[in-house]
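**Q** Residue numbers (the numbering used here): 5 to 372. We put the beta carbon where it would ideally sit given N, CA and C, even for glycine. Would you mind keeping the following structure in view while I ask a few things?
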Ligand SMILES: *Cc1c(COP(=O)(O)O)cnc(C)c1O
């Protein structure tokens with residue numbers, strides 16, 4: 005029996021190196037509520053990512069919910085259907101109606117040209133996703149937002165460490181939200197962070213993630229419990245020591261696939277982003293009509309060889325029951341996203357993926 009290949013494997017530092025962190029927690033008995041590891045991780049991440057302020061949180065989904073609250077977003081938010089459900093679920097949890105617009109064929113990110121037509125008197129914000137870590141058209145989005153007085157929130161769950169024109173892509177938008185979930189490039193098992201433009205915004209978000217408490221007896225908002233524990237923060241500090249190696253290993257896998265798949269009829273690798281330093285968080289291929297099988301048949305062929313690939317993002321968010329009756333969810337208005345959902349397959353990519361396994365994966369495609 006050949007060992008299965010997973011689509012992703014969480015990166016874990018050597019267990020022994022975690023012991024001293026745990027001993028410190030056991031000694032000081034500070035388990036959560038913005039303890040020393042939490043504070044250290046916020047500082048270390050700001051340094052590593054090249055941002056000025058960020059607020060750690062329990063996960064990216066609660067981070068998005070808090071980000072919408074912090075900016076007072078109501079009414080309608082223009083967003084992409086080509087993402088993980090948390091993007092629009094976070095809006096629903098705030099009583100906001102998502103309005104889906106189509107994506108660009110080359111980046112699979114929200115198409116700024118489609119945003120304008122979707123603006124109504126109820127529109128208050130744009131929530132865009134740096135899909136697969138590839139930067140959105142940040143300038144065009146900023147321009148539209150300023151013309152129409154809209155806020156911009158980036159779901160940057162995929163965009164850890166991504167640079168755009170030499171600076172962190174996380175500096176764009178009013179707020180940007182990272183995910184540190186187990187499946188992401190940098191993980192704290194569960195976790196996330198909200199990147200803030202200034203100290204005042206961060207402070208407000210720190211209140212919101214702690215029930216709205218400012219001090220023992222003062223509650224300034226109907227906040228939530230969105231705090232990151234000390235164990236998760238400690239893990240983050242240890243992971244940070246290895247994240248450079250992890251990104252370098254991912255880059256090698258990305259390069260191998262691009263070379264090995266070059267000239268394969270019917271298979272297109274999603275283009276590398278222009279003017280950006282990516283993080284190689286995913287490896288999406290587009291299975292064209294000139295490939296001998298459908299995308300789903302290829303997916304099944306991989307499965308038959310114990311190789312897990314992912315139709316990420318299929319189905320589109322807009323096709324789930326809680327969204328599909330919305331007028332903006334009509335697939336006729338979302339032709340690019342609909343086509344992408346039916347042609348994308350994400351190949352396995354993670355630091356420990358061996359060259360033999362990479363070859364095994366490419367062989368499945370070449371055999372067809
Ligand atoms: C993973 C992911 C999320 C949710 O992140 P959690 O930390 O698991 O809550 C949100 N948006 C996108 C695009 C994601 O990929």
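Say the cut is 7 Å; is the CB of residue 285 nearer than that to a heavy atom of ligand 1?
**A** On the chain shown, position 281 is the one that residue 285 refers to. Result no, Cβ not under 7 Å from ligand 1.
**Q** At a cut-off of 7 Å, is residue 39 close to ligand 1 when judged by its beta-carbon and the heavy atoms of the ligand?
**A** What you label residue 39 is simply residue 35 of the chain shown in a count that begins at 1. Residue 39 Cβ: outside cutoff for every heavy atom of ligand 1.
**Q** Just the Cα atoms here: how many angstroms apart are residue 80 and residue 254?
**A** The residue you call residue 80 lines up with position 76 of the chain shown. The residue you call residue 254 lines up with position 250 of the chain shown. Distance between the alpha carbons of residue 80 and residue 254 is about 37 Å.
**Q** Among the candidates 266, 194 and 156, whose CA atom is the shortest distance from the CA of residue 201?
**A** Residue mapping note: residue 201 aligns to position 197 of the chain shown, counting from 1. When each option's Cα is compared against that of residue 201, the closest is 156.
**Q** Let me check understanding here. Comparing Cα to Cα, which of 353, 74, 167 and 337 lies closest to residue 54?
**A** If you number the chain shown from 1, residue 54 lands on position 50. Closest by alpha carbon: 167.
**Q** Closer than 6 Å is what we want: which residues have a beta carbon that near any heavy atom of ligand 1? List them in chain order.
**A** My final list is 63, 64, 65, 87, 88, 90, 91, 133, 159, 161, 162, 183, 185 and 196.
**Q** Whole angstroms is fine: what's the gap from residue 165's alpha carbon to residue 144's?
**A** Walking along the chain shown from the start, residue 165 turns up at place 161. Walking along the chain shown from the start, residue 144 turns up at place 140. Approximately 22 Å, taken between the alpha carbons.
**Q** Would you mind listing the beta strand (DSSP E) stretches within the segment 269-339 that are 3+ residues and don't spill past its ends, in chain order?
**A** Contiguous beta strand (DSSP E) elements confined to the segment 269-339 occur at 271-273 and 287-291, taking only those with 3 or more residues.
**Q** Tell me the start and end of each unbroken beta strand (DSSP E) in the segment 71-124 that is at least 3 residues and wholly inside, in chain order.
**A** 80-83 and 101-104
**Q** Identify the continuous alpha helix (DSSP H) that holds residue 178 and give its terminal residues.
**A** Locating residue 178 in the chain shown gives position 174, where the first residue counts as 1. For residue 178, there is no enclosing alpha helix (DSSP H), as DSSP marks it with neither H nor E.
**Q** Can the beta-carbon of residue 101 be found less than 8 Å from the beta-carbon of residue 69?
**A** The residue you call residue 101 lines up with position 97 of the chain shown. The residue you call residue 69 lines up with position 65 of the chain shown. Going by C-beta atoms, residue 101 is not nearer than 8 Å to residue 69.
**Q** According to DSSP, is residue 158 helix, strand or coil?
**A** Against the chain shown, residue 158 aligns to sequence position 154. Correct three-state label for residue 158: strand.
**Q** Looking only at its own chain, which residues have a Cβ that is under 8 Å from the Cβ of residue 223, when we skip the five neighbours before and after it?
**A** Residue 223 sits at position 219 when you count from the first residue of the chain shown. Excluding residues within five positions, the ones whose Cβ falls inside 8 Å are 215, 216 and 217.
**Q** Please state whether the Cβ-Cβ distance between residue 77 and residue 234 is less than 8 Å.
**A** Taking the chain shown and counting its residues from 1, one reaches residue 77 at position 73. Taking the chain shown and counting its residues from 1, one reaches residue 234 at position 230. No, the pair does not count as a contact, with Cβ atoms beyond the cut-off.
**Q** Locate the beta strand (DSSP E) running through residue 196, then write down its first and last residues.
**A** Taking the chain shown and counting its residues from 1, one reaches residue 196 at position 192. Taken as a continuous stretch (DSSP letters only), the beta strand (DSSP E) holding residue 196 covers 196-200.
**Q** Please name the residue in 119, 169, 134 and 86 whose C-alpha comes closest to that of residue 150.
**A** Locating residue 150 in the chain shown gives position 146, where the first residue counts as 1. Checked all of 119, 169, 134 and 86; the closest Cα to residue 150 is 119.
**Q** State the Cα-Cα distance for the pair residue 160 and residue 298, rounded to the nearest angstrom.
**A** Here residue 160 refers to the residue found at position 156 when the chain shown is read from its first residue. Here residue 298 refers to the residue found at position 294 when the chain shown is read from its first residue. Those two C-alpha atoms are separated by around 31 Å.
**Q** Would a C-beta distance cut-off of 8 Å place residue 62 and residue 195 closer than the cut-off?
**A** To locate residue 62, count along the chain shown from 1; it is residue 58. To locate residue 195, count along the chain shown from 1; it is residue 191. Yes; because the gap between Cβ atoms is below 8 Å, this pair is in contact.
**Q** Nearest to residue 364 by CA position, among 238, 163, 307 and 198, is which residue?
**A** Taking the first residue of the chain shown as position 1, residue 364 is located at position 360. That would be 307, whose Cα lies nearest to the Cα of residue 364.
**Q** Please say whether residue 317 and residue 1 have beta carbons closer to each other than 8 Å?
**A** Past the boundaries of the shown model lies residue 1; the chain is included only from 5 to 372, so the question cannot be answered.
**Q** Since residue 74 and residue 212 are thought to touch, with beta carbons under 8 Å apart, how far apart are those beta carbons, to the nearest angstrom?
**A** As a working mapping, residue 74 is identified with position 70 in the chain shown. As a working mapping, residue 212 is identified with position 208 in the chain shown. Their Cβ separation, rounded to whole angstroms, is 6 Å, which keeps residue 74 and residue 212 in contact under 8 Å.
**Q** If you pair each beta-carbon of the segment 270-279 with each one of the segment 232-250, do three or more pairs fall below 8 Å?
**A** Contact fails between the segment 270-279 and the segment 232-250, because fewer than three Cβ pairs, one in each stretch, are under 8 Å apart.
**Q** Between residue 52 and the rest of its own chain, which residues show a CB-CB distance below 8 Å, the 5 nearest in sequence each way excluded?
**A** The residue you call residue 52 lines up with position 48 of the chain shown. If we look at residue 52 and ignore the five residues flanking it on each side, its Cβ neighbours are 165, 244 and 247.
**Q** Grab the span of the alpha helix (DSSP H) containing residue 49 for me, first residue to last.
**A** Start at 1 with the first residue of the chain shown, and residue 49 comes out as number 45. Its alpha helix (DSSP H) spans residues 40-53.
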